[in-house]
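Data first, discussion second: the structure below is written as structure tokens.
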Ligand SMILES: [Zn+2]
């Protein structure tokens, strides 16, 4: 490859890097409990339950009886379907609630949630988990010192992306 071609290729890949960063950031901004999901996976593995993959799927509400979210829990993976029509706040709380179900299935032999069956006791327990987890998140991000930890002090001289 000659020098000019090499320069063009560097530009092209540089543009791609910007595009990827923008697309990925726009998705991550929705913040659908990604840190909590990874943490539950790590907790399960640390506590001897092995690798467990948790995925999030957007779904229309009618299929899931008007729930914010519903988890299909299998031995090594869980799919959490989230109602695409409810507010982001409720989507995130719904995911937190389903993560609670997963923990109680794995550690307390609770029966996995299903569209057909509602166990009022487990619903209450997972409501407690949901509120507690989300409140901890809320309090964490309300603290200025914590926010500083999440910013990148090493990027001061890097230009701010404009679009
Ligand atoms: Zn539930």
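In the numbering used here, the protein residues as written are 144 to 306. We put the beta carbon where it would ideally sit given N, CA and C, even for glycine. On a predicted model such as this, the values are computed, not experimentally measured, just so you know.
Taking the alpha-carbon positions, what's the residue 218 to residue 298 distance? If I take the Cα positions, the gap works out to 42 Å.
Segment contact flag, the region 215-229 with the region 266-278, C-beta cutoff 8 Å, min 3 pairs: no
Find out if the Cβ-Cβ distance for the pair residue 216, residue 263 is shorter than 7 Å. Between residue 216 and residue 263, the C-beta spacing is not below 7 Å.
Starting from residue 198, follow its DSSP beta bridges and name the residues at the other end. Paired residues: 222.
Opening and closing residue of the alpha helix (DSSP H) in which residue 261 lies: Looking at the DSSP string, residue 261 is not in any alpha helix (DSSP H), and its letter there is neither H nor E.
When you compare each of 145, 257, 289, 196 to residue 181 by their alpha carbons, which one comes out closest? 196
Thinking just about the alpha-carbon of each residue, which of 280, 166, 173, 179 is nearest to the one in residue 306? The shortest C-alpha separation from residue 306 is found at 166.
Would you tell me roughly how many angstroms separate the C-alpha atoms of residue 330 and residue 282, rounded to the nearest one? Coverage of the chain is limited to positions 144 through 306, which leaves residue 330 absent and any answer about it impossible.
Does residue 294 come out as helix, strand or coil in the three-state DSSP assignment? coil
Verify the contact flag: residue 222, CB atom, against every heavy atom of ligand 1, threshold strictly below 6 Å. no
Out of 242, 189, 203, 253, which one is the CA nearest neighbour of residue 276? 242
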